[in-house]
Structures are given as structure tokens and as C-alpha cells.
Amino acid sequence: MKNRSAGDILLNTYAWCCALILTSAVLIIAGYLVFHGFSTLNLDLIFAHTPVLEALLLKKQVFGGLLPAIAGTLALIFLSISFALPVGIAAGVFLAEFALPGTRKILGLMFDIMASIPSIVVGLSGFAVTIFLHQHFFKQLYPCLLISALCLAFLVVPYIIRSTQIALESLPSQARLTAPGLGATRAQNLWYVLIPMAAKDIVGGVILAIGRSAEDTAVIMLTGAVATAGIPGSVFSGYEALPFFIYYTAAEYADAAELMKGYGAALILLFICGGLYAFAYWIKKKVR
Amino acid sequence: MTNTKTKIKVDGLNFFYGAHQILDAIDLDIPAGTITAVSGPSGQGKSSLLTAFNRLWENIDGAKATGRIWIDFGKGLEEITKKDYGVHHLRRKVGMVFQMPNPLPMSILKNMQFPLKLAGISEKNMVLEKIESALKQAHLWEEVKDRLSNDARRLSGGQLQRLCIARTLVLQPEVLLMDEPTASLDPVSVEKIETLLLDLKTRCTIVMVSHYMDQIRRIADRNLVLSDGKLSASSQ
Amino acid sequence: MLENDRIPKLCLQIAAWGCAALTFGVLAFMAWLSIPVLKASNTVQILTQPWLPNQGQFGIGPMILGSLYISVLSLIIAGPVSFGGAIFIRITRPGIAGKIFQHLVEAMTAVPTVVYGFIGVFLIVPFIRETFLQGSGMCILSASIMLALVIAPTMILIFSQSISNVPREYTIAAEAMGATPAQTFFMIILPYAWKGILTGLILGFGRAVGDTLIALMISGNAIAFPGHILDSARTLTAHIALVTAADFDSMEFKTLFVCALTLYLLTCLGVFSARVIGKRQRSS
Numbered sequence: 000m001k002n003r004s005a006g007d008i009l010l011n012t013y014a015w016c017c018a019l020i021l022t023s024a025v026l027i028i029a030g031y032l033v034f035h036g037f038s039t040l041n042l043d044l045i046f047a048h049t050p051v052l053e054a055l056l057l058k059k060q061v062f063g064g065l066l067p068a069i070a071g072t073l074a075l076i077f078l079s080i081s082f083a084l085p086v087g088i089a090a091g092v093f094l095a096e097f098a099l100p101g102t103r104k105i106l107g108l109m110f111d112i113m114a115s116i117p118s119i120v121v122g123l124s125g126f127a128v129t130i131f132l133h134q135h136f137f138k139q140l141y142p143c144l145l146i147s148a149l150c151l152a153f154l155v156v157p158y159i160i161r162s163t164q165i166a167l168e169s170l171p172s173q174a175r176l177t178a179p180g181l182g183a184t185r186a187q188n189l190w191y192v193l194i195p196m197a198a199k200d201i202v203g204g205v206i207l208a209i210g211r212s213a214e215d216t217a218v219i220m221l222t223g224a225v226a227t228a229g230i231p232g233s234v235f236s237g238y239e240a241l242p243f244f245i246y247y248t249a250a251e252y253a254d255a256a257e258l259m260k261g262y263g264a265a266l267i268l269l270f271i272c273g274g275l276y277a278f279a280y281w282i283k284k285k286v287r
Numbered sequence: 000m001t002n003t004k005t006k007i008k009v010d011g012l013n014f015f016y017g018a019h020q021i022l023d024a025i026d027l028d029i030p031a032g033t034i035t036a037v038s039g040p041s042g043q044g045k046s047s048l049l050t051a052f053n054r055l056w057e058n059i060d061g062a063k064a065t066g067r068i069w070i071d072f073g074k075g076l077e078e079i080t081k082k083d084y085g086v087h088h089l090r091r092k093v094g095m096v097f098q099m100p101n102p103l104p105m106s107i108l109k110n111m112q113f114p115l116k117l118a119g120i121s122e123k124n125m126v127l128e129k130i131e132s133a134l135k136q137a138h139l140w141e142e143v144k145d146r147l148s149n150d151a152r153r154l155s156g157g158q159l160q161r162l163c164i165a166r167t168l169v170l171q172p173e174v175l176l177m178d179e180p181t182a183s184l185d186p187v188s189v190e191k192i193e194t195l196l197l198d199l200k201t202r203c204t205i206v207m208v209s210h211y212m213d214q215i216r217r218i219a220d221r222n223l224v225l226s227d228g229k230l231s232a233s234s235q
Numbered sequence: 000m001l002e003n004d005r006i007p008k009l010c011l012q013i014a015a016w017g018c019a020a021l022t023f024g025v026l027a028f029m030a031w032l033s034i035p036v037l038k039a040s041n042t043v044q045i046l047t048q049p050w051l052p053n054q055g056q057f058g059i060g061p062m063i064l065g066s067l068y069i070s071v072l073s074l075i076i077a078g079p080v081s082f083g084g085a086i087f088i089r090i091t092r093p094g095i096a097g098k099i100f101q102h103l104v105e106a107m108t109a110v111p112t113v114v115y116g117f118i119g120v121f122l123i124v125p126f127i128r129e130t131f132l133q134g135s136g137m138c139i140l141s142a143s144i145m146l147a148l149v150i151a152p153t154m155i156l157i158f159s160q161s162i163s164n165v166p167r168e169y170t171i172a173a174e175a176m177g178a179t180p181a182q183t184f185f186m187i188i189l190p191y192a193w194k195g196i197l198t199g200l201i202l203g204f205g206r207a208v209g210d211t212l213i214a215l216m217i218s219g220n221a222i223a224f225p226g227h228i229l230d231s232a233r234t235l236t237a238h239i240a241l242v243t244a245a246d247f248d249s250m251e252f253k254t255l256f257v258c259a260l261t262l263y264l265l266t267c268l269g270v271f272s273a274r275v276i277g278k279r280q281r282s283s
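As they're listed, the protein sequences go chains C, R and X.
Counting from 0, one number per residue, gives the positions in the first sequence under numbering that gives the first Met the number 0.
Counting from 0, one number per residue, gives the positions in the second sequence under numbering that gives the first Met the number 0.
Counting from 0, one number per residue, gives the positions in the third sequence under numbering that gives the first Met the number 0.
Okay, structure coming up:
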């Protein structure tokens with residue numbers, strides 16, 4: 000008598016094949032990237048020939064290094080999260096705590112759509128708004144860091160809304176009753192008790208948002224990212240960004256050295272996003 | 000006492016959940032055609048003991064059983080704990096009824112057909128015959144014969160449990176494992192099921208976990224008390 | 000300010016409805032900007048004509064086909080592999096290998112799409128070019144392969160979740176009746192989980208259609224109607240990225256809004272379908 004029927008063997012073989020195909024694909028890609036990019040990982044990649052300290056203190060411009068792109072990406076992350084975080088948490092709180100069932104349905108649908116809009120559409124809208132404002136109101140307004148950050152904020156707000164909503168909805172019901180029992184209003188309950196309790200779960204959504212802001216290329220292509228701009232001086236100027244640099248290199252590299260920088264940039268971006276993911280994973284583990 | 004054959008023999012059964020041992024060197028002989036009750040304090044491994052007889056523990060995360068078990072299916076005692084023993088074949092000859100009725104999300108008819116499908120029995124007349132017979136044995140036929148295509152989950156608690164019993168009977172098992180079969184039921188349903196079990200005794204050997212001492216007194220031939228991982232027979 | 004609920008609640012409402020309004024605003028804005036184009040020639044023409052701006056033809060037909068071909072092909076590649084991967088995690092469950100694979104899949108969701116695109120250009124494109132000895136390697140096939148890698152991890156996680164959502168009572172009942180793992184899978188798990196799996200496929204497709212970088216970097220961006228998987232093609236998304244350099248007031252540029260509108264509507268279609276399927280699951 001056999002304990003493995005033909006069906007079992009077929010199913011398991013199929014599953015193993017698929018797992019192996021995917022794993023080898025990932026390993027080939029990771030290996031290829033590390034193999035080609037690892038040798039470029041040194042300070043020169045980032046700072047080129049400019050002395051490190053002077054570059055960081057913005058005394059000297061960096062030409063041919065990745066510092067401006069890294070700075071641009073960091074600025075994007077910082078700005079877009081600054082816009083998205085309060086709005087996202089507020090909307091999430093509203094959905095979880097105050098919305099009536101009918102409202103919740105409509106808003107839920109809208110936010111689902113918001114989360115699914117292709118990023119290029121968001122970028123095009125941002126670009127169109129910019130041109131519209133430029134033509135009619137602000138002649139000095141061009142695609143810039145601020146516009147990109149606002150568009151990225153639009154892109155990532157749904158992540159924060161979703162995780163805030165889920166975080167609040169999964170709080171134990173007893174936690175909700177303590178402060179009101181002592182006379183707190185709903186707002187006080189939320190501000191002093193519930194949101195801090197839910198904070199750890201919300202962080203997951205925030206990290207997802209940060210990761211998205213760091214890696215999205217389609218939005219920034221149309222709203223201000225350029226190939227050469229130095230470290231961004233103001234939010235109304237053009238800027239460089241890592242993902243755009245990578246795309247640009249693939250499309251227009253002139254020689255092997257530039258290509259190598261592309262590999263290096265890809266590795267750095269991968270480390271940033273991987274690091275964020277690992278951080279989110281670590282936080283989730285601490286919560287359990 | 001009449002000379003009844005041993006239906007189930009257990010030698011040195013240990014049961015673990017992870018690192019925690021809950022059954023300790025259990026030895027047991029269960030005669031054919033009897034109802035053996037297993038009772039004792041909660042959480043001491045009574046349900047786990049049942050899963051040893053159909054090797055269902057192998058499908059439960061973290062569970063592990065060692066030791067040897069033999070069951071007589073008409074050709075003498077077969078060691079069911081052998082590695083190459085057909086575990087799926089075993090489970091068709093050893094039926095299990097769970098504490099909470101677990102109908103499949105299908106019609107009554109499909110629920111009853113399911114074990115037959117698994118065993119490869121598909122000839123229409125034979126299938127219907129076996130289903131009718133099993134439902135009659137479970138004293139459920141009259142109540143459901145006109146609504147076999149209704150969703151099974153709409154039945155009442157007592158009917159559900161009888162359906163689950165009927166579902167195990169459709170393949171005519173020789174051993175029936177029952178985990179507190181009347182725990183969630185009203186007194187009328189309890190009585191119906193106890194009658195059913197006394198009836199089945201002639202065709203099946205029944206091992207039943209139960210908390211209810213009066214139930215055990217009413218229908219069991221023997222009561223084994225499981226405490227601290229060890230079995231002791233109480234007077235019966 | 001927190002002493003009564005009115006002001007905070009108002010702020011929250013503004014935030015929530017503001018986001019919803021912006022979402023709708025994008026649709027309205029794209030639709031409004033598309034009007035000149037849709038007036039100039041009728042909608043069917045725009046959607047099916049070729050893109051030959053020098054000859055005054057601004058049809059986005061090739062791009063619609065390009066998007067569809069690449070997305071469908073990537074789904075054909077990623078779907079079965081993701082399904083097998085989910086089965087590997089939940090059914091086959093080979094101890095530590097299963098856990099490692101699951102963590103690998105979860106980590107893959109963190110990889111930036113542009114990195115996939117970059118590697119696609121320098122690894123997959125030459126490979127396809129040398130294997131088929133035809134074209135430049137920048138074609139539908141290459142883009143679909145990389146896109147499949149992008150959408151597979153999410154699909155595996157959704158499929159895996161659908162499988163584990165099947166109530167344990169059903170599967171243990173089947174197992175106690177002597178069902179083999181394959182029988183349990185096909186007779187109990189699949190009938191219960193197929194809607195979640197379909198939702199995963201729809202979401203994967205939506206993700207594929209909405210992606211810009213992979214297609215932009217790898218599919219070749221030719222403007223002709225694609226006929227063969229080794230042909231170069233252009234997607235709606237890549238088209239938007241490429242033509243933005245044109246003069247804003249030209250007809251060329253304005254058709255980009257039709258592209259964006261099409262993409263937006265496709266997105267909505269995907270979201271609605273997923274919801275409808277989800278509703279049916281819950282009510283059954």
C-alpha cells in the first residue's frame with residue numbers, strides 16, 4: 000500500500016519545480032547584480048573626486064558621484080512622507096473610528112482605486128497641473144522637488160490609510176473603553192490612548208510608503224527628476240534621484256565606467272529598500 | 000465473559016505535542032464489538048489518543064506518536080503503525096467523528112458522497128444504496144430523504160452530528176472513533192445518538208471519549224480513565 | 000482642542016474626503032484634458048488607429064495592444080509559477096525549505112522595479128537576442144519575463160493566503176475520511192479558495208498593466224502594431240513616459256491624456272472585479 004498517490008507525487012513535483020524556478024531566477028539576478036556591482040561599492044562611487052567632508056558639508060559640488068542622487072532620494076522620502084503621514088493617519092482614523100458604514104464603503108472603494116492607479120498616471124497628472132499653473136498663475140513654477148514629493152505623497156497615502164485603519168480596528172475592545180470610562184472625549188481617547196497603541200502596526204504601512212517613495216521612478220520622471228542637477232538647493236528646483244539615475248544609465252550610458260556606476264546605484268537602492276524591508280520585519284516581530 | 004477477539008492492540012504508545020509528553024507508554028487491548036469509553040480530566044490527551052488509531056496525528060502540526068498499534072480487519076492483527084502501511088486506506092476502515100460536527104460546505108448528498116468519491120466508488124446505484132443505508136443506520140434517513148440537495152450546514156446540531164456519523168458509516172468501517180460525540184447536543188439528540196451507538200456495536204468496535212459518567216454507564220462496556228498520561232481501567 | 004470632538008472630527012473628515020476627492024479629481028482631470036482629442040476624431044478611431052504623428056494619426060491602438068500582450072504574457076508566465084509556489088508553501092510544506100522560500104518571496108516584494116528593469120536590459124535582453132537570433136532582444140517576451148518576476152511574489156502571497164483561509168474543520172474532516180493531500184487540495188481547498196486565487200490574478204494583471212519601467216526599458220518601444228512575441232512593442236505606460244517630451248499644447252501630447260484615462264479606467268475595472276468576486280465569496 001502506498002502512502003503517496005500519483006496525484007500527490009504530481010502535485011508536489013509541480014510545486015517543487017515552481018519554487019525552484021522562482022528561486023533560481025532570483026538568485027541569478029541577485030548574483031548578477033552583486034557580481035557586477037560589488038566592485039564599484041566604494042566612496043568614489045558616491046563622492047567621485049570630491050573630498051568626503053567637504054561634499055557632505057555642501058562646500059563643494061560632487062560631479063560624477065552618486066551623492067546628489069542619494070540626497071535627492073532622501074529629500075523626496077522626507078518631503079513625501081511629511082505630506083502623506085498626517086493626511087494618511089487622519090483619513091485612516093476617520094475610516095476606523097468615525098465613518099458610518101455607507102461612508103466607509105464609498106471611501107474604501109476610493110482608496111482601493113487610489114492604491115491601484117498606475118504611477119505614470121499620477122506623474123502625468125502632476126505634470127499637467129504644473130504646466131497648467133505655470134501657464135496661468137506661477138510663471139516661475141516648473142517640475143521640481145516639491146511637485147514630485149506631492150505626487151509621491153498621493154501615491155503612498157493609501158498604504159498609510161490602510162495600515163492605520165487595520166491597526167485601529169484590531170485594537171482589543173477593552174482598550175477602547177478605559178479612557179472614556181474616565182471621562183475622556185473620543186478625540187482625547189484617540190490622541191492619548193488608541194493611536195499610540197496602534198503606532199507599532201501603523202509603522203509597517205509607513206515603512207512600505209518610504210520604500211515606495213524611494214524606488215518609484217515613473218512619477219519622478221515626469222515631475223522634476225533630471226540627469227544632472229547637483230544637490231537640490233530648494234524645493235522648487237530640479238533634482239537627481241537614484242531610481243532615475245539607474246533608468247537613465249541603462250538608456251544612455253556612454254562607456255563601461257558609467258555602466259558600472261549604474262550597477263553600483265542599483266545595489267545601493269537595493270540595500271536601501273532591502274534595509275527598510277528588514278526594518279519593517281524586525282518591528283513586526285517585536286510587536287508579536 | 001464471552002471470548003471476544005481483540006480488535007485493537009496498543010503497545011507502548013507515547014504521544015507528544017512538541018516537547019511536551021502527554022501519553023506515557025500506553026498499553027491497551029480493545030475487544031471487538033464493544034464500546035470502550037475513555038474518560039478523565041480535560042486536556043490530558045483523550046482526543047490525542049483517538050488520533051493515534053487512525054494516524055490522524057500525522058496531519059496535526061506539532062503532534063508526534065511513537066509505539067505500535069495493531070488492528071484486526073478480518074485477516075488477523077495488522078500493524079497499522081508500520082511506515083508503509085496505507086494510511087489513507089486505514090482511515091476508510093477507521094471512521095472518526097469529531098467533537099464539533101464538521102459538515103463539508105456542500106449539500107447533504109455531496110457530504111455523504113465524499114468518502115465514496117475518495118475511495119473511487121462512483122457507480123450511481125451503488126453510491127445511492129450505500130448512502131441510504133448509512134443514513135438509515137444513523138437514524139437520519141427519514142428526516143433528510145426529501146432534502147438531500149439542501150446545504151448540510153442548515154441542519155440542526157443533533158442532525159449534523161448524526162450526519163457526520165452517517166458520513167463515516169458509508170464506507171462500513173470496522174472501528175469507530177468518537178470524540179465526545181454528544182457534547183454539543185440537546186438531551187433528545189443525545190438519546191438518539193446513544194441508541195444509535197448501541198445499535199452499531201454489533202458491526203463496529205467503538206472507542207469513545209466522553210465526560211459524562213452517566214452516559215458511560217448507560218452504553219459503555221468498559222471505561223478507561225486517562226490521567227497524567229496513563230490509562231487505568233475502572234470498574235464496569 | 001481635543002476637549003470636544005467637533006474640530007478633530009472635522010479635520011479627519013477633510014483629510015479622508017480630500018483624498019477621495021483627489022482620486023476622483025485625477026480621473027476628472029484626465030477626462031477633461033482628453034476632450035479635445037476625443038472631439039477631433041471619434042473614440043473608436045483613437046483606440047484602434049496606429050500612432051503616426053507625422054501623418055496626423057494619433058491612435059493609441061498599438062499601445063493598447065502592447066500593454067495587453069505584455070501583461071497577459073507575464074500573467075501566463077507568472078500565474079502557474081505563483082500557483083505552484085503557493086502550493087509549495089502551504090501544501091507540500093517541506094519543513095525549512097518552505098519557510099525559506101516564503102521569506103524569499105516576501106523579501107522579493109521589496110525589490111525596486113527599476114532594478115529589475117536594469118538587470119533585464121543587461122541580462123535578459125542579450126539572452127533572448129542570442130537564443131532566438133532575431134531582433135534586438137528588446138521585445139514583448141523579454142519584458143514579460145521580467146514583469147512576471149515583479150508580479151509573482153505578490154500573487155504567491157495572495158494565493159497562499161487564500162489556501163490557508165480554508166477552514167481547518169473542512170480539511171481535517173476530509174483527511175479523517177482518508178483523503179490524500181492531493182485529494183484534499185482538489186476537492187476541498189480549491190473549490191473554497193478559487194475566488195481568492197482569481198482575485199490574485201486580477202490584482203497581478205492590474206499591476207502588470209500599470210507598470211512603466213519594465214516595459215520602458217525592455218520592450219523596445221516600437222510604434223508599430225506588435226504581431227509576435229519577439230516584436231518590439233510599446234505600452235500605454237511607456238508611451239506616456241516617452242511622449243512627455245513633446246510640446247504640451249500639441250495634439251500628440253493631448254493623446255497622452257487618453258492613454259492615462261484608459262489606464263485609469265482599466266484600473267477601476269480591476270478594482271471593481273476584485274470586489275465583486277470578493278463579495279460573492281463572503282456571501283456563500
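For every residue, glycine included, the Cβ atom is placed at its ideal position computed from N, Cα and C.
Query                                                                                                                                                                                : Result
Would you mind giving the Cβ-Cβ distance between residue 198 (chain X) and residue 119 (chain X), rounded to the nearest angstrom? I have them listed as a contact below 8 Å.        : In fact, because the Cβ distance is near 27 Å, the residues do not count as touching under 8 Å.
I need the DSSP call for residue 138 (chain R), collapsed to helix, strand or coil.                                                                                                  : coil
The ligand NAP heavy atoms versus the CB of residue 27 (chain C): any closer than 8 Å?                                                                                               : Looking for the ligand NAP in the displayed structure turns up nothing, as the structure carries no ligands at all.
Rounded to the nearest angstrom, how far is the Cβ of residue 90 (chain C) from that of residue 160 (chain C), given a contact under 8 Å?                                            : 5 Å
Flag this pair as yes or no: are the beta carbons of residue 84 (chain R) and residue 2 (chain C) separated by less than 9 Å?                                                        : yes
Which residue comes first and which comes last in the alpha helix (DSSP H) that contains residue 180 (chain X)?                                                                      : 180 to 183
Mind checking whether residue 93 (chain C) and residue 14 (chain X) have CB atoms under 9 Å apart?                                                                                   : yes
Residue 30 (chain R) by DSSP, collapsed to three states: which one?                                                                                                                  : strand
Please determine, among X:39, X:65 and X:63, the residue with the shortest C-alpha to C-alpha distance to residue 55 (chain X).                                                      : X:39
Against chain X, which members of the region 199 to 218 of chain C pass a CB distance test of less than 8 Å?                                                                         : 210, 213, 214, 216 and 217
Of the residues X:175, X:113, X:211 and X:137, which one's Cα is nearest the Cα of residue 93 (chain R)?                                                                             : X:175
Residue 46 (chain R) lies in the alpha helix (DSSP H); which residues open and close that run?                                                                                       : 45 to 52
How many angstroms separate the CA atom of residue 187 (chain X) from the CA atom of residue 219 (chain X)?                                                                          : 45 Å
Along the beta strand (DSSP E) that carries residue 63 (chain R), what are the first and last residues, could you check?                                                             : 62 to 71
Report the rounded CA-to-CA distance for residue 189 (chain X) versus residue 121 (chain R), giving the unit in angstroms.                                                           : 21 Å
For residue 148 (chain C), which residues in the same chain have their Cβ closer than 7 Å to its Cβ, ignoring the five residues on either side in sequence?                          : 75, 78, 79 and 82
Would residue 110 (chain R) be called buried (16 or more neighbouring beta carbons within 10 Å of its own) or exposed?                                                               : buried
Tell me whether residue 154 (chain X) is buried or exposed, calling it buried when 16 or more other Cβ atoms sit within 10 Å of its Cβ.                                              : buried
Beta-carbon separation of residue 163 (chain C) and residue 201 (chain C) under 9 Å?                                                                                                 : yes
Is it true that the CB of residue 174 (chain R) sits closer than 9 Å to the CB of residue 36 (chain R)?                                                                              : no
If you draw a straight line from the alpha carbon of residue 276 (chain C) to that of residue 78 (chain R), how long is it in whole angstroms?                                       : 51 Å
Assuming contact is defined by CB atoms lying nearer than 9 Å, are residue 224 (chain R) and residue 177 (chain R) in contact in what I supplied?                                    : no
Name, going along the chain, the residues of the region 165 to 182 of chain X whose beta-carbon falls closer than 8 Å to a beta-carbon of chain R.                                   : 168, 169, 171, 172, 173, 174, 175, 176, 177, 178, 179 and 182
According to DSSP, is residue 84 (chain X) helix, strand or coil?                                                                                                                    : helix
Measuring alpha carbon to alpha carbon, tell me which of C:198, C:126 and C:280 ends up nearest residue 245 (chain X).                                                               : C:126
Output yes if chain X places a C-beta closer than 9 Å to the C-beta of residue 235 (chain R); else output no.                                                                        : Reliability fails at residue 235 (chain R), whose pLDDT of 49 lies under 50, so the model's placement of it is uncertain and no value is given.
Is the CB-CB distance between residue 122 (chain C) and residue 239 (chain X) below 9 Å?                                                                                             : yes
Taking residue 107 (chain X) as the query, report the chain C residues whose CB atoms sit under 7 Å from its CB, ordered along the chain.                                            : 25
Determine, for residue 121 (chain X), whether the minimum Cβ-Cβ distance to residues of chain C falls below 9 Å.                                                                     : yes
Cutting at 7 Å between CB atoms, please list the residues of its own chain near residue 40 (chain R), excluding the five before and the five after it.                               : 226
Pop quiz: residue 118 (chain C) and residue 205 (chain X) are said to be a contact at Cβ under 8 Å. What is the actual Cβ separation, rounded to whole angstroms?                    : So it is not a contact: roughly 13 Å between Cβ atoms.
Below 8 Å, how does it come out for the region 82 to 92 of chain X and the region 18 to 28 of chain C: are there three or more Cβ pairs, yes or no?                                  : yes
With a threshold of 7 Å on Cβ separation, who are the neighbours of residue 182 (chain C) within its own chain once the five nearest residues in sequence on each side are excluded? : none
How many angstroms separate the CA atom of residue 207 (chain X) from the CA atom of residue 80 (chain X)?                                                                           : 16 Å
Can you name the start and end residues of the alpha helix (DSSP H) that residue 156 (chain C) belongs to?                                                                           : 144 to 168
DSSP on residue 210 (chain R), reduced to helix/strand/coil?                                                                                                                         : coil
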